[in-house]
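One structure is given here, and the rest of the page talks about it.
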Amino acid sequence: MAQPATPILELSGVSKRFGAVQALTDAELEVRPGEVVALVGDNGAGKSTLIKVIAGVGPADTGEIRFDGRPVHIGKPADATALGIATVYQDLALADNLDVVGNLFLGQEMTQSGVLDEIGMEKKASELLDSLSVRIPSVRVHAAGLSGGQRQSVAIARSLLGEPKVVVLDEPTAALGVAQTAEVLDLIERLRERGLGVILISHNLADVKAVADRVVVLRLGRNAGEFRAGETSQEEIVQAITGALDSAASRRRARREDES
């Protein structure tokens, strides 16, 4: 299926400095509805800084951000939320002493006649999790009793309550086992099916190759390459990340080609 012509979110010429450190230099990124874009790079490449620009946590010094085709300013997190950008950070920010319903609606509780609408929140929580095929024992189980994959799924589901158009996922499969990782990757697929633009930050290139449509590489705060995930090898992405044209991986590939 052809991608829509207009990106839902587009960043161009974005630069950010912290004192003497130039964290981003003319960085570019775009994501379209129904597309998963992976943002990859080594530690210190500028991924976190770019995500903070998008989330309004650390506004860019220079550059342009367009949302739905029009220029916008994201100066604080509330600006990003109002536009329709939701960010799920690696720490998830779940309250272990609250149940799933409490975590989903924390800070945005439903009320009826000035009283918490527990029945309404429980119903909406169940419907949302069912629509995402998230499997948990009960919406009334405490977050402390959930697996890593279930916790990640709840955090992602919470981000959807505001009906965003773009969801940013920061290392969603970090420290997860194989089965839990598969659950989260399936959930990312369902976000795409909903027509959302998804930005996936990950060090796991196998996960990236499994779900991403495009891969954008940052190196030393600059764009270092962009690839169609289904049309490039993991070795090529690694080369762009490291900046090494001649690596052990490329030499192994050359040997295999010579032997075939």
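Using the working numbering, read the sequence shown as starting at 1293 and increasing by one per residue.
All residues carry an ideal CB built from backbone N, CA and C; glycine is no exception.
On a predicted model such as this, the values are computed, not experimentally measured, just so you know.
Checklist entry - Are at least three pairs of beta-carbons, each pair with one atom in the stretch 1369–1384 and one in the stretch 1445–1462, less than 8 Å apart? => result Contact between the stretch 1369–1384 and the stretch 1445–1462 is present: 3 or more CB-CB pairs across the two stretches fall below 8 Å.
Checklist entry - What do you reckon, are the CB atoms on Gly1489 and Val1332 nearer than 7 Å? => result The criterion of a C-beta distance shorter than 7 Å is not satisfied by Gly1489 and Val1332.
Next on the checklist: Can you give me the C-alpha to C-alpha distance between Leu1479 and Ile1529, rounded to a whole angstrom?
Outcome noted: The straight-line gap from Cα to Cα measures roughly 24 Å.
Next on the checklist: Output needed for Gln1314: all residues of its chain with C-beta closer than 7 Å, excluding positions within five of it in sequence on either side, in chain order.
Outcome noted: In chain order, Gly1513 place their CB closer than 7 Å to the CB of Gln1314, counting only its own chain and leaving out the 5 sequence neighbours on each side.
Checklist entry - Taking the continuous alpha helix (DSSP H) assigned at Asp1446, which residues delimit it? => result It should be pointed out that residue 1446 corresponds to Val in this sequence rather than to Asp. DSSP places Val1446 inside the alpha helix (DSSP H), whose first and last residues are 1440–1451.
Next on the checklist: Can you check which of these residues, Glu1523, Val1470, Leu1420, is closest to Ala1447 by C-alpha distance?
Outcome noted: Taking Ala1447 as reference, the option from Glu1523, Val1470, Leu1420 with the minimal CA-CA separation is Leu1420.
Next on the checklist: With DSSP as the reference, identify every bridge partner of Lys1308, one or two as the case may be.
Outcome noted: The beta-bridge partner set that DSSP reports for Lys1308 consists of Leu1316.
Next on the checklist: In this structure, how does DSSP classify Ile1411 when only helix, strand and coil are distinguished?
Outcome noted: Correct three-state label for Ile1411: helix.
Checklist entry - Where does the unbroken beta strand (DSSP E) through Asn1395 begin, and where does it stop? => result Careful: Asn1395 lies outside any beta strand (DSSP E), inside the alpha helix (DSSP H) at 1392–1396.
Checklist entry - Roughly how many angstroms separate the alpha carbons of Val1393 and Leu1384, rounded to a whole number? => result Computed Cα separation, rounded: 15 Å.
Item to check | Proximity winner among Asn1335, Ser1423, Gln1444, relative to Asp1388 (alpha-carbon distances) | outcome: With distances taken between Cα atoms, Asp1388 lies closest to Gln1444.
Item to check | Of the residues Pro1464, Lys1415, Lys1416, Leu1386, the one placed nearest Ala1436, counting alpha carbons only | outcome: Taking only the C-alpha atoms, the option nearest Ala1436 is Leu1386.
Checklist entry - DSSP state of Pro1464, grouped into three classes? => result Three-state result, Pro1464: coil.
Checklist entry - Who are the near neighbours of Glu1475 in its chain, counting only those whose CB is closer than 6 Å to its CB and skipping five residues on each side? => result Hits under 6 Å: Gly1441.
Item to check | alpha helix (DSSP H) segments (min. 4 residues) lying fully within the stretch 1505–1536 | outcome: Scanning the stretch 1505–1536 for uninterrupted alpha helix (DSSP H) segments of 4 residues or longer gives 1526–1534, listed from N- to C-terminal end.
Checklist entry - Looking at the structure shown, is Met1293 part of a helix, part of a strand, or coil, going by DSSP? => result Note that Met1293 has pLDDT 46, beneath the 50 cutoff, so the model's placement of it is unreliable and the number below is only indicative. Correct three-state label for Met1293: coil.
Item to check | Between the CA atoms of Gly1399 and Gly1305 - distance to the nearest angstrom | outcome: Their Cα atoms are separated by approximately 35 Å.
Checklist entry - Between Leu1477 and the rest of its own chain, which residues show a CB-CB distance below 8 Å, the 5 nearest in sequence each way excluded? => result Excluding sequence neighbours, Leu1477 sits near Thr1465, Asp1499, Ala1502, Val1503.
Checklist entry - Nearest CA to the CA of Ala1496: which residue from Leu1321, Arg1309, Ala1330? => result Note on residue identity: the sequence assigns Asn, not Ala, to residue 1496. When the alpha-carbon of Asn1496 is set against those of Leu1321, Arg1309, Ala1330, the nearest one is in Ala1330.
Item to check | Beta-bridge partners of Ala1330, as assigned by DSSP | outcome: Residue pairing for Ala1330: DSSP places it in a beta bridge opposite Leu1492, Val1507.
Item to check | C-alpha gap between Met1293 and Gly1487, whole angstroms | outcome: Reliability of the predicted coordinates at Met1293 is poor, the pLDDT of 46 falling under 50, and no value is obtained from them.
Item to check | Buried versus exposed call for Gln1531 [16 or more other C-beta atoms within 10 Å across all chains shown] | outcome: So Gln1531 ends up on the buried side.
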